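Protein chains in written order, with this note's numbering: chain A, 1 to 139; chain B, 1001 to 1423. Structure first, then comments.
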Amino acid sequence: MKKVIVIALVFFIATAFITQQQPAGLKAAMARGKKVYDATCLACHQPDGSGVPNMNPPLIKTKWVLGDKKQLTKIVLKGMQGGEIEIDGDKFHNPMPPQESTLTDQEIADVLTFVRNSFGNKASMVTVAEVKAMRAKLK
Amino acid sequence: MKKMVILVLLVWMAAVSFGNDTTKVAKASTDDAPITLPQGFKSVVVTSGLGKARHLVVAASGDIFVKLEKLKDGKGIIRLHDANGDGKADNISGFGNYVGTGITIKNGFLYASSDKEVYRYAINEKEGKVDTATVQKIITGLVSKNQHETKSLALDNEGNIYVNIGAPSNCCQVQDRVKGSPGQDPCPILETAGGIWQFKADKTNQSYAEGARYATGLRNVVGLDWNTEVNELYVMQHGRDMLFQFYPDLFSQKEGAENPAEEMFRLKKGSDCGWPYCYYDNDKQQKLLNPEYGGDRKKVDRCADKEKSIVQFPGHLAPNAMLFYTGKQFPEKYKNGAFIAFHGSWNRAPEPQAGFFVVFVPFKNGMPAGKWEIFADGFSGLQTAGSTGKVKYRPCGLAQGPDGSLYISDDNNGTIWKVSYGK
């Protein structure tokens, strides 16, 4: 019994330690990013990031969100026609509107950091410099 | 320290017991797929697990044909045969290697659509058997650009077939769904989409040149039916999205969820229902100019002479099927009235989603004769508001059986219900 308690304790402390070890600025970026998400993304991708079947893809644990940050940033800046995203054989048909004229580099960095660290996701932050570089590259 | 240990163990125990509980509930409701119905009606699950079961039709033999939007074992049309009369499918077979939504039967032919074409097959209605070798492509080359791409079908009694061609757009903005982008005026989409097209039911390889635009100004129609009592076409329009998100100065969050109306139109040849210039405002109870075209929730402008809808529903409920009931099984009040299957909303967020149900509108002489009411409910499986992606079933198709039973399809899981009255 004592062993179980010790294991439970170690697990508890380890978990607490990990969750506290956040990169600098993550908390502030998450708070700013949530505001952008609520105003611009939530209508289609839904409050819990689960999307809409056949129409708007989910943002939960997919390679599109957790994978290549450059690709993800490009999708937000330039949008998509619809039908390009396929997850487990299901296509998502609604177009993604380009946000290059409606969101700043800071807002895109914040909202992508928020999405990559919400709904059960955990991935690195997206920086303003990364968004700026992608915007310049796409010009 | 001891307190912390106890806390950890408690949390762990709670998590484990909660997990067990959820599993049990889910299993029970998967087995019987219960829906709620008015008193005296009952339902049986014909089959489940077909996947994206869109529209369906029942032959005179009682055999059911379902159009799928995702192939099942390589088949896009599924035939369900009930051998022992208990309402449940005993033999399931399929044909057609294309996906789509529309399916119907008329005068010895079964018609089915992909998102670009319409095919037909000879069917022996008494035996419920389709001769797949007789397949003909009757319509081809229709606009299909991801958004509002599905094609629903209806036929009249004079050899014409009606096909909806949804607009690949929300409100014909220069940049679709980009906040602040103006509406194109005139909207070029209307030349080849955003309306109902009429073709001959028996000619092959027809496209825009051979067909006629029967009605225009319809953003997207999925549910439509030919009313044989008055011989006219009735359609349900999916109204536009994003009023609150794009125009927060004009629409509160709640008003954006309730607007615009999902409208029912009784069409005549040449009807113009107003999209993308006009929308129906549920609060003002009036057809008004869309903000993309200078509207301010007061201006009527060019919307004054557009076709008026005959029933209005709350916003974003997504009417995916309509059926005029001509059977003798249901009580008298249902005769010639309209059933409408609502797929359920997504553009009401962050307000609660709604509309995963089948409603009934009483009719007299081809016009509504009373308020709409919920007929079948409980499809979402949610006790409280939840996400569209987490609902259990989404009503999508309706069909009437030879004995007057009503069939409902769901395209989330592919469940088919047979609803009957009495006994």
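C-beta atoms are modelled at their ideal positions from N, C-alpha and C, and glycine is treated no differently. None of these values were measured; they are calculated from a predicted model.
7 Å is my cut-off, CB to CB: does V52 of chain A come that close to chain B? yes
Please decide whether D48 of chain A counts as near chain B, where near means a Cβ-Cβ distance under 7 Å. yes
Indicate the three-state DSSP secondary structure (helix, strand or coil) for I1310 of chain B in the structure shown. coil
If you run the structure through DSSP and keep just helix, strand and coil, what is F119 of chain A? coil
Give me the subset of the stretch 1379-1410 of chain B whose CB atoms are less than 7 Å from a CB atom of chain A, sorted by chain position. S1387, T1388, G1389, K1390
Just to confirm the assignment, what range does the alpha helix (DSSP H) spanning R1266 of chain B have? No alpha helix (DSSP H) contains R1266 of chain B, which is instead part of the beta strand (DSSP E) from 1262-1267.
Does any residue of chain B have a CB that is nearer than 7 Å to the CB of P23 of chain A? no
7 Å Cβ cut-off: residues of chain B touching L42 of chain A: A1349, P1350
Comparing C-alpha positions only, which one of B:A1354, B:K1298, B:Y1277, B:W1275 sits nearest to F1379 of chain B? B:A1354
In this structure, what does DSSP give as the bridge partners for T1036 of chain B? B:D1377
Taking I60 of chain A as part of the alpha helix (DSSP H), name the residues at either end of that continuous run. Where I60 of chain A is concerned, there is no enclosing alpha helix (DSSP H), given that its DSSP letter is neither H nor E.
Give a yes or no on whether the minimum CB-CB distance between V1222 of chain B and chain A is below 7 Å. no
Closer than 8 Å, Cβ to any Cβ of chain A: which residues of the stretch 1181-1206 of chain B, in chain order? none
Use the C-beta contact count for A1209 of chain B: other C-beta atoms within 10 angstroms, 16 or more gives buried, fewer gives exposed. exposed
With DSSP run on the structure shown, which of helix, strand or coil describes C1171 of chain B? coil
Secondary structure at P973 of chain B, three-state DSSP: helix, strand or coil? In the structure as shown, chain B begins at 1001 and stops at 1423. Residue 973 of chain B is therefore absent and cannot be evaluated.
According to DSSP, is H1081 of chain B helix, strand or coil? strand
Using a Cβ-Cβ cut-off of less than 7 Å, list which residues of the stretch 1143-1154 of chain B approach chain A; keep chain order. N1146, Q1147, E1149
S101 of chain A: which of B:Q1175, B:N1164, B:Q1039, B:Y1098 sits nearest, CA to CA? B:Q1175
Whole-angstrom distance between G1381 of chain B and D1021 of chain B, CA atom to CA atom: Note that D1021 of chain B has pLDDT 33, beneath the 50 cutoff, so the model's placement of it is unreliable and the number below is only indicative. D1021 of chain B and G1381 of chain B: Cα-Cα distance of roughly 16 Å.
Looking at chain A, is there any beta carbon in it that lies within less than 7 Å of the beta carbon of R1219 of chain B? no
Does K1179 of chain B get closer than 7 Å to chain A when you measure Cβ to Cβ? yes
According to DSSP, simplified to helix, strand and coil, what is D1301 of chain B? helix
In chain B, what lies closer than 7 Å to Q81 of chain A by C-beta? N1146
Could you give the C-beta distance for T1140 of chain B and N1205 of chain B, rounded to a whole number, given that I count them as a contact under 8 Å? 6 Å
Are there three or more Cβ pairs, one per stretch, closer than 8 Å when the stretch 1396-1407 of chain B is compared with the stretch 1057-1077 of chain B? yes
Extent of the continuous beta strand (DSSP E) run through E86 of chain A: 85-87
For T102 of chain A, decide whether its Cβ has a neighbour in chain B, counting only Cβ atoms nearer than 7 Å. yes
If the criterion is Cβ atoms closer than 7 Å, does the pair A1261 of chain B and Y1234 of chain B meet it? no
Determine the closest residue to Y1334 of chain B out of B:F1342, B:F1041, B:F1363, B:Q1312, with distance taken between C-alpha atoms. B:F1363
Out of B:W1197, B:G1085, B:L1050, B:A1201, state which residue places its alpha-carbon closest to the alpha-carbon of V1044 of chain B. B:G1085
So the alpha helix (DSSP H) K148 of chain A belongs to, where does it begin and stop? As displayed, chain A neither begins before 1 nor continues past 139, which places residue 148 of chain A out of reach and without an answer.
Which of the three DSSP states is assigned to A1028 of chain B in this structure? Interpretation of A1028 of chain B is limited by its pLDDT of 31, a score under 50 that renders its predicted location unreliable; the figure taken from the coordinates is listed afterwards. Of the three classes helix, strand and coil, the one that applies to A1028 of chain B here is helix, per DSSP.
Using CA atoms only, rank isn't needed, just tell me which of A:E86, A:V76, A:Q106 is closest to G28 of chain A. At residue 28 of chain A the sequence reads Ala, which differs from the Gly that was named. Checked all of A:E86, A:V76, A:Q106; the closest Cα to A28 of chain A is A:Q106.
What does the alpha-carbon distance come out to for the pair S1048 of chain B and I60 of chain A? 27 Å
Simplified DSSP assignment, three categories, for P1291 of chain B: helix
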